[in-house]
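With the first letter of the sequence shown counted as 1, position 13 gets the number 570 in the working numbering; the numbers rise by one all the way through. Just below is one structure, and these are the notes that go with it.
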Amino acid sequence: MTRIAGIDIPEHKRTDIALTYIYGIGRSNVKALLKEANIDAAKRAKDLNEDEINRLQKIIEQTLQVEGNLHRLVLNNIKRLKEIGAYRGIRHTRNLPVRGQRTRANARTKRGKRMTIGALKKDDRAKIATPGASAEKK
């Protein structure tokens, strides 16, 4: 397998698709990368020679934050937002949607599995509400 930026990219795919397997490189970044490295996008990853791979690695290291560095950068940004008490940081802390989505009817993915509260009979509800009152009756 071809290894770029510490990731084994699939050899049977086109180079432009295979490079998107690297965290931090999307379709728009790939076009610019391949143009700068002077590599055909339709070329398969297994057909890349050592010189082309080295050119790609050098360009990625110089221009982009990828993989572990990018993960670290994102986590540090979220941590900073939490520490300064920003609204977005508070939303991250409470595991709620950050970008203004509604939470009344949806946001199940972010909020987690629904916790159902079973229906209680009238007598049981009274026991829970006033524990001292049920003890006095007896």
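All residues carry an ideal CB built from backbone N, CA and C; glycine is no exception.
Report all residues from its chain with a CB closer than 8 Å to the CB of residue i; omit the five preceding and five following residues, and keep chain order.
i       : result
Met-558 : Asp-565, Ile-566, Pro-567, Glu-568
Ala-664 : Leu-653, Pro-654, Gln-658
Arg-571 : Ala-598, Ala-599, Lys-600, Arg-601, Ala-602
Leu-677 : Ile-685
Glu-640 : Gly-646
Starting from residue i, follow the alpha helix (DSSP H) in both directions and report where the run begins and ends.
i       : result
Arg-668 : 665 to 668
His-628 : 624 to 641
Leu-590 : 584 to 594
Taking the beta strand (DSSP E) that residue i falls in, what are its first and last residues?
i       : result
Arg-601 : Here Arg-601 belongs to no beta strand (DSSP E), and DSSP marks it neither H nor E.
Ile-566 : 564 to 566
What is the DSSP secondary structure of residue i, counted as helix, strand or coil?
i       : result
Thr-559 : strand
Arg-661 : coil
Arg-651 : coil
Arg-571 : strand
Ala-675 : Reading off the sequence, residue 675 comes out as Gly, not Ala. If DSSP states are grouped into helix, strand and coil, Gly-675 belongs with coil.
Arg-612 : helix
Leu-621 : coil
Gly-581 : coil
Arg-682 : helix
Arg-645 : helix
Grab me the residues of residue i's own chain with a C-beta within less than 7 Å of its C-beta, minus the 5 sequence neighbours each way, in chain order.
i       : result
Ile-610 : Thr-559, Ile-561
Less than 6 Å between C-beta atoms, sequence neighbours within five positions excluded: which residues of the same chain meet that for residue i?
i       : result
Thr-673 : none
Contact between the segment 577 to 594 and the segment 604 to 617 (3+ Cβ pairs under 8 Å): Using a C-beta cut-off of 8 Å, the segment 577 to 594 makes contact with the segment 604 to 617, since at least three inter-stretch Cβ pairs fall below that distance.
The segment 595 to 612 touching the segment 564 to 575, judged by at least three CB pairs closer than 8 Å: Contact holds: three or more Cβ-Cβ distances are below 8 Å.
Cβ contact (3+ pairs, closer than 8 Å) linking the segment 579 to 588 and the segment 638 to 651: Cβ pair count under 8 Å is below three, so no.
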